[in-house]
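S.K.: Quick note on numbering: full-length UniProt numbering labels position 428 of the sequence shown as 428, and the sequence is numbered without any gaps.
Cβ coordinates follow ideal geometry from the N, Cα and C atoms, glycine included.
My questions will all concern the structure given below.
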Amino acid sequence: MGADNNMQDKDDQIDLNQNQSDHVSTSGTLDDEQRVKVLSPGMLVAKRFFRNKLAMVGLVILVTMFLFSFVGGMLTPYGESEVFRKKDVILKDYAMMSENKDFLYTNEEGKDFPSIAGAKMILAVNNGNSTFEAKDVTYSLIKEDENLYQITQLTPVANVLTLKGKSSFTSAEEGGTVSNAVKSGYEAAVSEGADNFEADGIFYYIVKEGKQSAISIMDRTALASKKVFSAAGGAELSYDFKLNAEKAFNHQLSSFEADGNTYEMEVEESTGFISLNGEDYAIMSSYAVRPVGSEALSLQFIRAVQEAVLGDEGSVEYTGKDGSSIHYKIEMKGNEFKIRSEQKTQLNDDFASPGNTHLLGTDGHGMDVLTRLMYGGRISLMIGFVAIAIETLLGIIIGGVAGYFGKWMDTILMRIVDVVICIPAMPLYIIVGSIMDYYQIDPRVRIYLLCAILGLINWPPIARMVRGQILSFREQEFMTATEATGIRVSRRIFKHLIPNVIPNLIVIATMGLGEIIIMEATLSFLGIGVKFPYASWGNIINSVNDVFVMTNYWFVWIPAGFLILITVLGFNFVGDGLRDAFDPKMKR
């Protein structure tokens with residue numbers, strides 16, 4: 001290439017030493033013959049480059065892109081990751097309703113019923129047992145109906161041995177006695193085939209094991225029921241209240257007593273509406289109505305929802321305490337009913353159309369598209385330049401050493417080049433991206449790693465080009481002169497050989513920038529490149545991942561694609577222009 005440049009200089013310049021006296025001029029114009037004839041090689045290259053119209057178009061494009069990305073990002077009033085919000089009315093889940101099929105436990109005041117005991121209780125019910133043990137405690141079950149059990153803790157008070165129809169009683173406490181009331185109650189229960197009895201206001205339970213029996217005090221512990229209770233104001237309902245309410249419900253009674261009060265009950269199918277002194281007090285039902293948020297549901301709302309669901313209605317109108325009427329939509333999903341209403345809420349201003357506030361609208365995250373394009377251009381261009389710098393540096397070093405030394409050094413380095421070329425780049429990018437995802441690498445660190453990976457994979461073509469050029473230059477006279485003067489090897493390579501390769505390097509690097517930008521955009525589009533919240537032109541397009549968004553929100557992805565297109569075209573135009581400027585014979 002250096003020889004070609006020397007020949008070109010001879011074609012473009014006239015021997016000034018021979019004709020200096022004939023070409024003396026005092027004119028200062030740019031087209032003056034004397035001025036043209038003494039142009040340096042660099043000026044000649046620049047002159048050819050600026051005369052190339054496509055190269056000028058490419059240069060204008062690149063300057064515009066740099067101003068747009070780096071200056072525009074400083075001028076925009078919005079941040080790269082700034083999310084814009086709006087208030088809107090949307091259909092939102094307000095409550096859920098589902099049928100309860102599990103036992104719910106209400107502990108007697110001052111008692112504890114552990115969860116492991118609840119699991120053992122279910123096993124006992126399924127197996128038809130009336131007692132079970134948990135954590136070294138024996139419990140008994142008093143069945144009120146299929147879905148209601150009283151759970152009592154058994155405390156032994158006496159043992160009974162029955163021989164030939166006669167029973168002998170022994171106190172469980174050493175030195176204790178068994179009262180006559182307990183003895184009479186036991187004998188009466190045995191004769192009736194019962195397993196419990198009452199004596200002196202205390203309930204006792206009988207556990208038989210052959211000829212021996214154990215009499216235990218039944219200490220109420222918990223109530224197991226499949227009914228769901230909802231109380232006004234979220235009040236706690238007592239053991240007695242729930243037990244008596246269920247008994248009244250099962251017997252279709254209109255009232256019951258509990259905690260010193262008399263309650264009225266209205267029964268509708270599987271639901272009981274309980275009132276006190278004419279005011280709603282509680283609801284007992286097989287269905288659970290739960291709020292989605294933290295807001296407590298009123299009994300009137302729960303009743304209205306249950307009546308609408310059981311009446312197979314698709315919606316319900318409810319008038320709140322403030323007198324406002326709200327329309328709720330009822331939707332069934334799986335085994336649950338969703339109660340939804342239109343609520344005013346604040347949400348991301350996703351896919352807002354272009355306007356005065358956002359010239360190119362907002363993306364799927366509610367961020368300004370124009371601002372993201374500016375910051376994305378910074379990252380895309382930065383990745384391109386850093387990757388090109390890495391691959392150019394590696395290519396110059398490896399190609400220069402291989403071309404200058406030749407022999408075994410050239411063979412080894414060229415085999416390394418062959419190995420790197422054979423590495424499948426795209427699968428490697430995907431694997432590295434997956435590893436970074438697994439270890440949750442910081443998004444900023446990912447950008448630096450992406451630059452390094454792109455540079456480490458794409459240097460072999462530059463190394464081959466540098467090697468080929470140096471192989472031809474090292475035998476020329478100017479290199480023989482450097483060897484004769486004793487200049488060290490590193491200076492011969494990087495001071496005298498590499499500068500002759502720079503024109504080709506500039507062309508390759510310029511055109512390679514476009515390829516790197518396209519590769520980065522591809523990786524980011526596939527989700528293994530630049531990660532949110534940082535923007536690149538590739539991951540901006542990645543946000544459009546379905547046909548609906550692509551067809552309805554063109555302003556999100558078309559500008560990013562257009563910027564990639566014209567930027568790559570700009571680099572290609574400039575690269576072609578530089579190639580023609582350095583070697584005009586290529587056009588012939």
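If residue 364 and residue 349 are in contact, beta carbons under 8 Å, what's the gap, nearest whole angstrom?
M.R.: In the sequence shown, residue 364 corresponds to position 364, counting from 1. In the sequence shown, residue 349 corresponds to position 349, counting from 1. Their Cβ separation, rounded to whole angstroms, is 11 Å, which puts residue 364 and residue 349 out of contact at 8 Å.
S.K.: Just the Cα atoms here: how many angstroms apart are residue 8 and residue 500?
M.R.: Working through the sequence shown from its first residue, we reach residue 8 at position 8. Working through the sequence shown from its first residue, we reach residue 500 at position 500. Because the pLDDT at residue 8 is just 42, under 50, the model does not fix this residue reliably, and the value given afterwards should be weighed accordingly. Their Cα atoms are separated by approximately 14 Å.
S.K.: Taking residue 503 and residue 582 to be in contact with their CB atoms under 8 Å, please state how far apart those CB atoms are, rounded to whole angstroms.
M.R.: In the sequence shown, the residue the question calls residue 503 occupies position 503. In the sequence shown, the residue the question calls residue 582 occupies position 582. At roughly 4 Å, the Cβ-Cβ gap stays under 8 Å, so residue 503 and residue 582 are in contact.
S.K.: Should residue 451 be labelled buried (16 or more other beta-carbon atoms within 10 Å of its own) or exposed?
M.R.: As a first step, residue 451 is located in the sequence shown; it is residue number 451 there, counting from the start. Residue 451 should be labelled buried.
S.K.: Cutting at 7 Å between CB atoms, please list the residues of its own chain near residue 510, excluding the five before and the five after it.
M.R.: Translated into the one-based positions of the sequence shown, residue 510 becomes position 510. Cβ within range, chain order: 571, 574, 575, 578.
S.K.: Among the residues of its own chain, which have a CB less than 6 Å from the CB of residue 399, if the five just before and after it don't count?
M.R.: To locate residue 399, count along the sequence shown from 1; it is residue 399. Hits under 6 Å: 463, 466, 467.
S.K.: In terms of residue numbering, what span does the alpha helix (DSSP H) encompassing residue 458 cover?
M.R.: The count along the sequence shown starts at 1 and reaches residue 458 at position 458. Where residue 458 is concerned, there is no enclosing alpha helix (DSSP H), given that its DSSP letter is neither H nor E.
S.K.: With distance defined between alpha-carbon atoms, name the residue in 182, 224, 325, 513 nearest to residue 382.
M.R.: Here residue 382 corresponds to residue number 382 of the sequence shown, with the count starting at 1. Residue 513 is the option with its Cα nearest to residue 382.
S.K.: Can you say whether residue 508 is buried or exposed, counting buried as having 16 or more other CB atoms within 10 angstroms of its CB?
M.R.: Position 508 of the sequence shown, counted from the first residue, corresponds to residue 508. Answer is buried; the Cβ neighbour count reaches 16.
S.K.: Can you find the residues in the same chain that come closer than 8 Å, C-beta to C-beta, to residue 21, ignoring five residues on each side of it along the sequence?
M.R.: Working through the sequence shown from its first residue, we reach residue 21 at position 21. At residue 21 the pLDDT is 43, less than 50, meaning the model places this residue with poor confidence; the figure from the coordinates comes in the next sentence. So no residue of the chain qualifies.
S.K.: Classify residue 177 as buried or exposed, calling it buried when 16 or more other Cβ atoms lie within 10 Å of its own Cβ.
M.R.: Here residue 177 refers to the residue found at position 177 of the sequence shown. Residue 177 comes out exposed.
S.K.: Enumerate in chain order the residues of its own chain whose CB-to-CB distance from residue 516 is below 8 Å, with the five nearest sequence positions on each side excluded.
M.R.: Numbered from its first residue, the sequence shown carries residue 516 at position 516. Excluding sequence neighbours, residue 516 sits near 383, 384, 387, 388, 454, 458.
S.K.: Report the residue from 414, 146, 362 whose alpha carbon sits nearest the alpha carbon of residue 226.
M.R.: Your numbering for residue 226 matches position 226 in the sequence shown. Measuring from the Cα of residue 226, the nearest candidate turns out to be 146.
S.K.: With 16 other CB atoms within 10 Å as the buried threshold, where does residue 52 fall?
M.R.: For this step, residue 52 is matched to residue 52 along the sequence shown. Counting Cβ neighbours within 10 Å, residue 52 comes out buried, since at least 16 surround it.
S.K.: Pick from 45, 70, 112, 376: whose alpha carbon is nearest that of residue 81?
M.R.: What you label residue 81 is simply residue 81 of the sequence shown in a count that begins at 1. For the residues 45, 70, 112, 376, the minimum Cα distance to residue 81 belongs to 376.
S.K.: Given a threshold of 16 other Cβ atoms within 10 Å of its Cβ, counted over all protein chains shown, does residue 285 qualify as buried or as exposed?
M.R.: Here residue 285 refers to the residue found at position 285 when the sequence shown is read from its first residue. Buried, because 16 or more other Cβ atoms sit within 10 Å of the Cβ of residue 285.
S.K.: Using three-state DSSP, classify residue 291 as helix, strand or coil.
M.R.: Numbered from its first residue, the sequence shown carries residue 291 at position 291. Residue state, collapsed to three classes: strand.
S.K.: Mind checking which residues open and close the alpha helix (DSSP H) that includes residue 348?
M.R.: Taking the first residue of the sequence shown as position 1, residue 348 is located at position 348. Counting along the chain, residue 348 falls outside any alpha helix (DSSP H), though it belongs to the beta strand (DSSP E) covering 336 to 348.
S.K.: From which residue to which residue does the beta strand (DSSP E) around residue 157 run?
M.R.: Translated into the one-based positions of the sequence shown, residue 157 becomes position 157. Per DSSP, residue 157 belongs to the beta strand (DSSP E) from 148 to 163.
S.K.: Please report the straight-line C-alpha distance between residue 357 and residue 87, rounded to a whole angstrom.
M.R.: Position 357 of the sequence shown holds residue 357. Position 87 of the sequence shown holds residue 87. Roughly 16 Å between the two C-alpha positions.
S.K.: Please state the DSSP three-state secondary structure of residue 532.
M.R.: Stepping through the sequence shown from its first residue, residue 532 is reached at position 532. Here residue 532 sits in coil by DSSP.
S.K.: Skipping 5 residues on each side, what residues in its chain have a beta carbon closer than 6 Å to that of residue 157?
M.R.: Taking the sequence shown and counting its residues from 1, the one referred to as residue 157 is at position 157. Excluding positions up to five away in sequence, the list reads 172, 215, 217.
S.K.: Ignoring anything shorter than 4 residues or poking outside the region 507 to 586, list the alpha helix (DSSP H) runs there in chain order.
M.R.: Correct list: 537 to 542, 547 to 552, 554 to 582.
S.K.: Between residue 93 and the rest of its own chain, which residues show a CB-CB distance below 8 Å, the 5 nearest in sequence each way excluded?
M.R.: Numbered from its first residue, the sequence shown carries residue 93 at position 93. Excluding positions up to five away in sequence, the list reads 292, 338, 339, 340.
S.K.: Looking at C-beta atoms only, is the number of pairs between the region 245 to 260 and the region 268 to 284 that lie closer than 8 Å three or more?
M.R.: yes
S.K.: Which partner residues does residue 208 have in the DSSP bridge list?
M.R.: Translated into the one-based positions of the sequence shown, residue 208 becomes position 208. The partner list for residue 208 (beta bridge, DSSP) reads 213.
S.K.: Figure out for me which residue from 276, 194, 155, 174 has the closest Cα to the Cα of residue 219.
M.R.: Looking up residue 219 in the sequence shown gives position 219. For residue 219, the nearest C-alpha among the options comes from 155.
S.K.: Taking only the alpha-carbon atoms, compute the straight-line gap between residue 343 and residue 294 and give it to the nearest angstrom.
M.R.: For the purposes of this step, residue 343 is taken as residue 343 along the sequence shown, with counting starting at 1. For the purposes of this step, residue 294 is taken as residue 294 along the sequence shown, with counting starting at 1. In a straight line, the C-alpha of residue 343 is about 15 Å away from that of residue 294.
S.K.: At a Cβ threshold of 8 Å, is residue 419 touching chain C?
M.R.: Any reference to chain C falls outside this structure, which holds one protein chain only.
S.K.: Does the region 467 to 484 come close enough to the region 398 to 415 to have 3 or more Cβ pairs within less than 8 Å?
M.R.: yes
S.K.: Is the region 440 to 447 touching the region 528 to 538 in the sense that three or more CB pairs, one from each, lie closer than 8 Å?
M.R.: yes
S.K.: Could you spell out where the beta strand (DSSP E) holding residue 94 opens and where it closes?
M.R.: Locating residue 94 in the sequence shown gives position 94, counting from the first residue. First-last of the beta strand (DSSP E) with residue 94: 85 to 99.
S.K.: Straight-line CA distance for residue 319 to residue 91?
M.R.: For this step, residue 319 is matched to residue 319 along the sequence shown. For this step, residue 91 is matched to residue 91 along the sequence shown. One C-alpha to the other measures close to 18 Å.
S.K.: Under a Cβ-count criterion, where at least 16 other Cβ atoms within 10 Å of its own Cβ denotes burial, should residue 367 be classed as buried or exposed?
M.R.: Here the question's residue 367 lines up with position 367 in the sequence shown. Answer is buried; the Cβ neighbour count reaches 16.
S.K.: In the DSSP assignment, find the unbroken alpha helix (DSSP H) run with residue 388 in it and report its ends.
M.R.: Mapped onto the sequence shown, residue 388 falls at position 388. From DSSP, the alpha helix (DSSP H) with residue 388 extends over 369 to 405.
S.K.: With a 10 Å radius around its C-beta and 16 neighbouring C-beta atoms as the bar for buried, classify residue 373 as buried or exposed.
M.R.: Along the sequence shown, one-based indexing puts residue 373 at 373. That one is buried.
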